[in-house]
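Protein chains in written order, with our numbering: chain L, 250 to 443; chain Z, 250 to 443. Here a beta-carbon is modelled for each residue, glycine too, at the ideal position from N, C-alpha and C. Computed from a predicted model, the values in this text were never measured in an experiment. Before any comments, here is the structure.
Number of protein chains: 2
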Amino acid sequence: MSRWEPDALGRLQAAAIELYAEHGYEQTTVAEIAARAGLTERTYFRHFADKREVLFHGSEMLQEALVTALEEAPAGESPLDAIGYGLRRLGPFFDERRPQSLRRHAIIRSSHELQEREMLKRSSLVAALTPVLERRGVEPDVARLAAESGISVFHLAYESWVADQRGRGYAEHVDETLASLRALAAAPAAASLR
Amino acid sequence: MSRWEPDALGRLQAAAIELYAEHGYEQTTVAEIAARAGLTERTYFRHFADKREVLFHGSEMLQEALVTALEEAPAGESPLDAIGYGLRRLGPFFDERRPQSLRRHAIIRSSHELQEREMLKRSSLVAALTPVLERRGVEPDVARLAAESGISVFHLAYESWVADQRGRGYAEHVDETLASLRALAAAPAAASLR
DNA sequence: GTCAGTGATGTCAGTTGCTGACATCGACCA
DNA sequence: TGGTCGATGTCAGCAACTGACATCACTGAC
């Protein structure tokens, strides 16, 4: 028998989600999370950098997945098409974890501080996608803008997927959102053409 | 003579910027800021919600200015044109405060925590612009997407304005960035048309 | 001119997030 | 057998933030 119960990190995540959902994020202390996981506060901070981070473990994995998917986009595609390709590839990842995603999303929406962290993760995604686009030959400034736009699509598609009652997959929401973005940018062209 | 020196808030802001620049954000304590301003820590927290917020006072003002500018955009313009109109209007606001902006920008770039707060302010801008676009008759989802895109432009234009050595105004950077966005979204149209 | 009320500040004590230093002790390896 | 390693615990401490209450120049009503 090993000295400690296995999967301390997973237990901390589970405990945190339960407590944040039960009593709210701000009303929960790190000591309580650790206690429910059968650990000490100190151990919590060995696994997670701060009180927020428990909810965002796995976002590095998502980031890597997105980077890889974007790298595998066909070489000839425009930046936005490539991003669409990459985002659509995330479909199964989300669709398989829908219940957890909904719970986590509700918790994050309940706290300012957590939304702040989510926004930081978002900017990290932008920072990760930009060089991938540059390697595809896109100008740095354009790459950055495309990455920003892509992550906006990522995010809005995610939100409409969360709100979706009809069970459509994440990839469908990506397509819709991306089409909206194209329409949006195309609309003024008519006015600016002459 | 009044009981206290005037402009406690302004003194706290000045002290914070000095200390953050001199010793770094993390190495500075709120007590030190308060002391340099001739006040106590408790008073600091009556003026600012937390250690970060000193640097973001004024962002409500910016938000209001942007909302007003967008509301005044000609009724016939497309969402993106309207946003371009609103953003260009911020030009003088930034151009007049360039030295302060550069100092503040350098501080924020030096700290993760501060970038996190900046991202939160950014999402607050999106939340403020969305209903304005809706009132112009834009569909809610499209309004949100347009607001996100607009704030991306706002932000990227700001960054290239900060980096600009040639003294071009903020409004010029907005025009450039907006043109990039349009080109970006238009490019794939060619591929997707047939 | 007095006096009660107001509002910005100070004082103090307490909670919680987070960190460094060091101890513990099963597992694993030579 | 013994020594190292790695995950955890223990403990002390700092800094961010908060609530409760005190202070006292200023202001306005009378």
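The region 284 to 303 of chain Z in contact with the region 252 to 262 of chain Z per 3-pair CB rule at 8 Å: yes
Leu369/Z at chain L interface by Cβ criterion, 9 Å: Yes, because at least one Cβ of chain L sits closer than 9 Å to the Cβ of Leu369/Z.
Residue of Arg291/Z, Glu362/Z and Trp253/Z minimising C-alpha distance to Gln276/Z: Glu362/Z
Status (buried if at least 16 other CB within 10 Å, exposed otherwise) for His272/Z: exposed
Rounded distance between the beta-carbons of Ala434/L and Leu339/Z, thought under 8 Å: At roughly 21 Å, the Cβ-Cβ gap does not stay under 8 Å, so Leu339/Z and Ala434/L are not in contact.
Ser359/Z, DSSP secondary structure in three states: coil
Own chain partners of Lys370/Z with C-beta closer than 7 Å, once the 5 adjacent residues on each side are dropped: Phe305 and Ser308
Distance between Leu315/L and Leu315/Z (C-alpha atoms, nearest Å): 33 Å
Alpha helix (DSSP H) segments (min. 4 residues) lying fully within the region 344 to 398 of chain Z: 347 to 358 and 361 to 384
Neighbouring residues, chain L, relative to Asp390/Z (Cβ below 9 Å): The contact set of Asp390/Z on chain L, defined by CB atoms closer than 9 Å, consists of Leu405, Ser409, Glu425, Thr426 and Ser429 in chain order.
Distance between Ala436/L and Leu430/Z (C-alpha atoms, nearest Å): 12 Å
Cutoff 9 Å: Glu365/Z Cβ touching any chain L Cβ: yes
Contact set for Ala428/Z: own chain, Cβ-Cβ below 8 Å, skip 5 residues either direction: none
Residues near Ala324/L in its chain [Cβ-Cβ closer than 8 Å; skip 5 each side]: Arg385
Boundaries of the alpha helix (DSSP H) in which Phe294/L is found, first to last residue: Glu290 to His296
Reference Ile357/L, options Trp253/L, Ala263/L, Ser251/L and Tyr269/L, closest by Cα: Tyr269/L
Within chain Z, partners of Glu397/L - CB distance below 8 Å: Ser401, His404 and Leu405
Among Ala322/Z, Lys300/Z, Phe343/Z and Arg353/Z, nearest to Val381/Z - alpha-carbon criterion: Ala322/Z
Distance between beta carbons of Arg337/L and Val423/L, contact taken as under 8 Å: 5 Å
C-beta contact flag for Arg301/L and Arg353/L at 9 Å: no
Simplified DSSP state of Trp410/L, which is helix, strand or coil: helix
Chain L contact for Ala440/Z (CB, 9 Å cutoff): Here the model assigns Ala440/Z a pLDDT of 45, short of 50, so the residue's position is not dependable and the matter cannot be decided.
Classification of Gly333/Z by the beta-carbon crowding that lies within 10 angstroms, buried from 16 upward: Looking at its Cβ environment, which holds 16 or more other Cβ atoms inside 10 Å, Gly333/Z is buried.
Chain-ordered neighbours of Pro348/Z on chain L, where CB pairs are closer than 9 Å: Under the 9 Å cutoff, chain L gives no residues; its nearest Cβ is about 24 Å from Pro348/Z.
Neighbour-count burial assignment, Leu261/Z, 16 or more Cβ in a 10 Å radius: Counting Cβ neighbours within 10 Å, Leu261/Z comes out buried, since at least 16 surround it.
Neighbour list for Arg393/L in chain Z, Cβ cutoff strictly below 9 Å: Leu405 and Glu408
Nearest-angstrom Cα separation, counted from Leu405/Z out to Ser398/L: 11 Å
Gln414/L versus Gly287/Z: straight-line alpha-carbon distance, rounded: Between Gln414/L and Gly287/Z, the alpha-carbon positions lie close to 57 Å from each other.
9 Å Cβ cutoff met for Phe342/Z and Leu374/Z: no
Cutoff 9 Å: Pro380/L Cβ touching any chain Z Cβ: no
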